[in-house]
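Taken in order, these protein sequences are the chains called A and B.
Going from the first sequence to the working numbering is simple: count from 1 and add 78.
Going from the second sequence to the working numbering is simple: count from 1 and add 156.
Glycine is no exception: its CB is placed at the ideal position from the N, C-alpha and C atoms.
Contents: one structure, followed by commentary.
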Amino acid sequence: MRDRLLLPLLLLIAASLPWVAEAFGTPATTGLATRIAIYAIAAASLNVILGFGGLVSFGHAAYFGLGGYTVGILWEHFRLGEPFLGIVPGSANLLVTFPCSLLVGGLAAAAIGALSLRTSGVQFIMITLAFAQMVYFLFVSLAVYGGDDGLMIRRTNAFLGLNLRDAATMYWLSLGVLVVWLWLLGRIVRSRFGRVLEGVRQSERRMAAIGISTYPYKLAAFVISGVGCAAAGALWANHARFVSPDMMHWTKSGELMIMVILGGMGTLLGPVLGSAALVGLEYMLSGLTEHWQFILGPILIMIVLFARNGLMSLLAPRGRASRG
Amino acid sequence: MTLLLEQLLNGVQLGVTLFLLGSGLTLIFGIMGVINLAHGSLYMIGAFAAAFVAAETGSVFLALLGGLVAAGLTGMAIEFVVLRRLYARDHLDQVLATFGLILFFNQGMVILFGRQPIFVALPPFLSGAVEILPGVPYPVYRLLIIVLGLLVAVGLWFLIQRTRIGALVRAGATNREMVRALGVDIRLLYTLVFGLGALLAGFAGVMAGPVYSVNVGMGEQILILTFVVVVIGGVGSIRGAMYGALLVGVVDTILRAYVPGLLRAVMDASQADMLGAGLASMGVYLLMALVLLLKPRGLFPAHA
Numbered sequence: 079m080r081d082r083l084l085l086p087l088l089l090l091i092a093a094s095l096p097w098v099a100e101a102f103g104t105p106a107t108t109g110l111a112t113r114i115a116i117y118a119i120a121a122a123s124l125n126v127i128l129g130f131g132g133l134v135s136f137g138h139a140a141y142f143g144l145g146g147y148t149v150g151i152l153w154e155h156f157r158l159g160e161p162f163l164g165i166v167p168g169s170a171n172l173l174v175t176f177p178c179s180l181l182v183g184g185l186a187a188a189a190i191g192a193l194s195l196r197t198s199g200v201q202f203i204m205i206t207l208a209f210a211q212m213v214y215f216l217f218v219s220l221a222v223y224g225g226d227d228g229l230m231i232r233r234t235n236a237f238l239g240l241n242l243r244d245a246a247t248m249y250w251l252s253l254g255v256l257v258v259w260l261w262l263l264g265r266i267v268r269s270r271f272g273r274v275l276e277g278v279r280q281s282e283r284r285m286a287a288i289g290i291s292t293y294p295y296k297l298a299a300f301v302i303s304g305v306g307c308a309a310a311g312a313l314w315a316n317h318a319r320f321v322s323p324d325m326m327h328w329t330k331s332g333e334l335m336i337m338v339i340l341g342g343m344g345t346l347l348g349p350v351l352g353s354a355a356l357v358g359l360e361y362m363l364s365g366l367t368e369h370w371q372f373i374l375g376p377i378l379i380m381i382v383l384f385a386r387n388g389l390m391s392l393l394a395p396r397g398r399a400s401r402g
Numbered sequence: 157m158t159l160l161l162e163q164l165l166n167g168v169q170l171g172v173t174l175f176l177l178g179s180g181l182t183l184i185f186g187i188m189g190v191i192n193l194a195h196g197s198l199y200m201i202g203a204f205a206a207a208f209v210a211a212e213t214g215s216v217f218l219a220l221l222g223g224l225v226a227a228g229l230t231g232m233a234i235e236f237v238v239l240r241r242l243y244a245r246d247h248l249d250q251v252l253a254t255f256g257l258i259l260f261f262n263q264g265m266v267i268l269f270g271r272q273p274i275f276v277a278l279p280p281f282l283s284g285a286v287e288i289l290p291g292v293p294y295p296v297y298r299l300l301i302i303v304l305g306l307l308v309a310v311g312l313w314f315l316i317q318r319t320r321i322g323a324l325v326r327a328g329a330t331n332r333e334m335v336r337a338l339g340v341d342i343r344l345l346y347t348l349v350f351g352l353g354a355l356l357a358g359f360a361g362v363m364a365g366p367v368y369s370v371n372v373g374m375g376e377q378i379l380i381l382t383f384v385v386v387v388i389g390g391v392g393s394i395r396g397a398m399y400g401a402l403l404v405g406v407v408d409t410i411l412r413a414y415v416p417g418l419l420r421a422v423m424d425a426s427q428a429d430m431l432g433a434g435l436a437s438m439g440v441y442l443l444m445a446l447v448l449l450l451k452p453r454g455l456f457p458a459h460a
């Protein structure tokens, strides 16, 4: 029952953040909160396969980057006025580019997932990493789209007459997508599909023994997580007005995993907390010293060694946050 | 033809470097079940320590010793402080903790030596080239890497196949629980294997210093290639690591040498170079994906 009151309250606080930041004279906070919201979308998506499905994918930055590049490439062709591959016209309207990003992310995840899920364990971790590296190097080598230097998006996408260049508007859009996505994920997790996925995590062999073919379920979860990461990437491209291969660097995949485990695997709100904690920690430490990674590294090790269930377990010590 | 031979030798040289890293990594995978992302950091630390000692003393042998000692000590410290607590955990925890180690070591090297790459000069008796075939010169130092790498491979084969410790290592890779049940001090064995892996990684770093530049991030570049090697060869298999390393080294080098040239035939030079470099980098990952799809446990699975 507590959640019924708590969640709208949290949402209200989150939504009023730009005004609060303005009132306290720290408008930069809004940009920081946007980053948190966008990474939370990606982390929550990764959590579908990592936390709920128990499959360690080390290559989800690829879908984040693909989502971003879809927006970037469509913009580039819109700017130049020549269609992509001679058939797909460019676009600078979020109502077009966003669904395109989801489609690209979903298709890529379907292809990569279909192949990767034939392996398991260490091999699965490594093959997802390998595919992400392939996508990374592909974009590094595409001189047309800036290669290593990335692609500037001079103008943010149009979206229902809103100005996405305005920090607060961009933040509300990201927050809105995050809330809708979390709601959807909550539905998915509680559905029959979610139960089967949970069963796969606990014991794939047992699920097979009760007559469930697990492969389609794992693949569907993989695609859902890819689509979510692509959505985050599309928002990121509009927020930063810039995409580059760095978006799909393997350390980015690592960061997303850290957010999930930091917040609490297999919990709905955990990745949001994890995203806030990691982005906030990076922001704070980088304000203290140029060598902030020297401090962040040991903190991560401590968290892995001593706080296994993540931040969610601190908020809800008993019950749901604990893993089976 | 001359170019091909040269590139093949370069490929073998990259291959033995990868083998030095991959053999340690595959043993650590196979015996302790640990994914150690920080293996590349040991390589980097070996390279930095050797470059530092070489610059301070000017002695090749002290530099080698310095690199090995630094990598070995760091490896043992990592095992003792962090990894020992992670043997029983799942892969996810290991990946994250060793990811934290990478951040720590990379930034530590930045603090100690700065971000500028360090170039290591070769002593006179190692620079220069020899004619391997009439009219085909090849750098002495690269040949030395190949020879030393192969010697290490033979030494490792002897250690694993012909000594008591090797027998325990092989047994540990096959069935860890059974070895423990037979009364072997498994923690000591783990520390030994980890120390050996760290030494080999440090050795690879020392050798690589003069060929590539010594810089922060060199560890991750080669680490991911090493993972490709280990997975292609089969986790836990030294023999697999050897074949995998040579395969990856040669394929990667040959692709890098020839793909841009082939693309130049169909597009303008600067674009061809960039696209070629990217496609060549993708090559080994494609190879790994293919191998995994055909043989999900690698070419020479240890637990078969």
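Mind checking V335 of chain B: buried by the 16 CB within 10 Å criterion, or exposed? Against the second sequence, residue 335 of chain B aligns to sequence position 179. It counts as buried.
If you run the structure through DSSP and keep just helix, strand and coil, what is N171 of chain A? Residue numbering aside, residue 171 of chain A sits at position 93 when the first sequence is read from its first letter. Note: N171 of chain A maps to strand in three-state DSSP.
Specify the secondary structure class of E282 of chain A as computed by DSSP and reduced to three states. Looking up residue 282 of chain A in the first sequence gives position 204. Helix, per DSSP.
Would you verify that the beta carbon of S179 of chain A is, or is not, closer than 8 Å to some beta carbon of chain B? Here the question's residue 179 of chain A lines up with position 101 in the first sequence. Closer than 8 Å: no.
How would you list, in chain order, the residues of chain A whose beta-carbon sits under 9 Å from the beta-carbon of R420 of chain B? Numbered from 1 along the second sequence, position 264 holds the residue referred to as residue 420 of chain B. None at all; the shortest Cβ gap to chain A is about 14 Å.
Considering only their Cβ atoms, is the gap separating L180 of chain A from V70 of chain A smaller than 8 Å? Only positions 79 to 402 of chain A appear in the structure, and residue 70 of chain A is not among them; the question remains open.
Kindly say whether I165 of chain A, judged by its beta-carbon, lies nearer than 8 Å to any beta-carbon of chain B. Counted from its first residue, the first sequence places residue 165 of chain A at position 87. No, because no Cβ of chain B sits closer than 8 Å to the Cβ of I165 of chain A.
CB contact below 8 Å: S437 of chain B versus chain A: Taking the second sequence and counting its residues from 1, one reaches residue 437 of chain B at position 281. Answer yes: the Cβ-Cβ gap between S437 of chain B and chain A drops below 8 Å somewhere.
For a test of the three-state rule: what should DSSP assign to A421 of chain B, helix, strand or coil? Stepping through the second sequence from its first residue, residue 421 of chain B is reached at position 265. Looking at A421 of chain B - three-state DSSP - the assignment turns out to be coil, as it is neither helix nor strand.
Whole-angstrom distance between E100 of chain A and A360 of chain B, CA atom to CA atom: Counting from 1 along the second sequence, the entry for residue 360 of chain B is found at position 204. Counting from 1 along the first sequence, the entry for residue 100 of chain A is found at position 22. Roughly 54 Å separates the two Cα atoms.
So, are the CB atoms of L345 of chain B and L324 of chain B less than 8 Å apart? Against the second sequence, residue 345 of chain B aligns to sequence position 189. Against the second sequence, residue 324 of chain B aligns to sequence position 168. Yes, the pair counts as a contact, with Cβ atoms nearer than the cut-off.
Chain A contact residues for N262 of chain B, given Cβ-Cβ distances below 8 Å: In the second sequence, residue 262 of chain B corresponds to position 106, counting from 1. In chain order: Q371.
Residue environment, I267 of chain B, which counts as buried when at least 16 other CB atoms sit within 10 Å: Residue 267 of chain B sits at position 111 when you count from the first residue of the second sequence. Exposed: under 16 other Cβ atoms inside 10 Å.
Provide the residue span of the beta strand (DSSP E) that contains L289 of chain B, from first to last. Sequence index remark: in the second sequence, residue 289 of chain B carries index 133 (1-based). Unbroken beta strand (DSSP E) run through L289 of chain B: A285 to L289.
Cα-Cα separation between L256 of chain A and R113 of chain A, rounded to whole angstroms: Working through the first sequence from its first residue, we reach residue 256 of chain A at position 178. Working through the first sequence from its first residue, we reach residue 113 of chain A at position 35. If you take the alpha carbons of L256 of chain A and R113 of chain A, they lie about 12 Å apart.
Report back the beta-carbon spacing between I339 of chain A and L248 of chain B to the nearest angstrom; my notes put them in contact at under 8 Å. Residue numbering aside, residue 339 of chain A sits at position 261 when the first sequence is read from its first letter. Residue numbering aside, residue 248 of chain B sits at position 92 when the second sequence is read from its first letter. The pair is a contact, with the Cβ atoms about 7 Å apart (cut-off 8 Å).
Backbone CA spacing between M343 of chain A and S353 of chain A [nearest angstrom]: Within the first sequence, numbered from 1, the residue matching residue 343 of chain A stands at position 265. Within the first sequence, numbered from 1, the residue matching residue 353 of chain A stands at position 275. Cα to Cα, M343 of chain A sits roughly 12 Å from S353 of chain A.
Under 9 Å Cβ-Cβ, which residues of chain A neighbour Q427 of chain B? Your numbering for residue 427 of chain B matches position 271 in the second sequence. In chain order: A221 and V222.
Continuous alpha helix (DSSP H) assignments of at least 4 residues falling wholly in the region 306-332 of chain B: 320-330
So which residues of chain A does R241 of chain B contact, with C-beta pairs closer than 8 Å? As a first step, residue 241 of chain B is located in the second sequence; it is residue number 85 there, counting from the start. What R241 of chain B touches in chain A: L383.
Out of A:E276, A:V278 and A:F176, which has the shortest C-alpha to C-alpha gap to L238 of chain A? Counting from 1 along the first sequence, the entry for residue 238 of chain A is found at position 160. Per the Cα distances, A:F176.
Cα separation between V296 of chain B and L289 of chain B? The residue you call residue 296 of chain B lines up with position 140 of the second sequence. The residue you call residue 289 of chain B lines up with position 133 of the second sequence. Approximately 13 Å, taken between the alpha carbons.
Helix, strand or coil for P452 of chain B, going by three-state DSSP, please let me know. Taking the first residue of the second sequence as position 1, residue 452 of chain B is located at position 296. If DSSP states are grouped into helix, strand and coil, P452 of chain B belongs with coil.
Measuring CB to CB, does I205 of chain A end up less than 8 Å from A445 of chain B? Along the first sequence, one-based indexing puts residue 205 of chain A at 127. Along the second sequence, one-based indexing puts residue 445 of chain B at 289. Yes. Within cutoff.
Selection of the region 298-332 of chain A by Cβ proximity to chain B, strictly under 9 Å: Listed by position, the residues of the region 298-332 of chain A near chain B (Cβ gap below 9 Å) are W328, T329 and G332.
Within 8 Å (strictly less), CB to CB, does F185 of chain B reach chain A? In the second sequence, residue 185 of chain B corresponds to position 29, counting from 1. Closer than 8 Å: yes.
Looking at the structure shown, is L90 of chain A part of a helix, part of a strand, or coil, going by DSSP? Your numbering for residue 90 of chain A matches position 12 in the first sequence. L90 of chain A: helix per DSSP, three-state reduction.
Looking at chain A, which residues of the region 444-456 of chain B have a Cβ within less than 8 Å of any of its Cβ atoms? M444, A445, L448, L449, P452, R453 and G454
For L435 of chain B versus S219 of chain A, is the C-beta distance shorter than 8 Å? Counting from 1 along the second sequence, the entry for residue 435 of chain B is found at position 279. Counting from 1 along the first sequence, the entry for residue 219 of chain A is found at position 141. Yes, the pair counts as a contact, with Cβ atoms nearer than the cut-off.
What residues in its chain sit with their C-beta under 7 Å from that of T292 of chain A, if we drop five residues either side in the sequence? Position 214 of the first sequence holds residue 292 of chain A. These residues qualify, in order along the chain: V278, E282, M285 and A286.
Taking any Cβ of chain D, which residues in the region 378-408 of chain B have a Cβ under 7 Å from it, in chain order? Going by chain labels, chain D is absent from the structure shown, which instead holds the protein chains A and B.
Name the one or two DSSP bridge partners that L423 of chain A has. It is not possible to answer for residue 423 of chain A, since the shown part of chain A is limited to 79 through 402.
Bridge-paired residues (DSSP) for I274 of chain B: Start at 1 with the first residue of the second sequence, and residue 274 of chain B comes out as number 118. Note: I274 of chain B sits in a beta bridge opposite B:V370.
Name the chain A residues that come within less than 7 Å of L170 of chain B, Cβ to Cβ? Taking the first residue of the second sequence as 1, we reach residue 170 of chain B at position 14. In chain order: nothing, as chain A lies at least about 17 Å away.
Can you find the residues in the same chain that come closer than 6 Å, C-beta to C-beta, to S303 of chain A, ignoring five residues on each side of it along the sequence? The residue you call residue 303 of chain A lines up with position 225 of the first sequence. Excluding residues within five positions, the ones whose Cβ falls inside 6 Å are S123, L124, V126 and I127.
Counting along the chain, where does the beta strand (DSSP E) carrying V292 of chain B start and finish? Translated into positions along the second sequence, residue 292 of chain B becomes position 136. It spans V292 to P295 - the beta strand (DSSP E) in which V292 of chain B sits, taken as one unbroken run.
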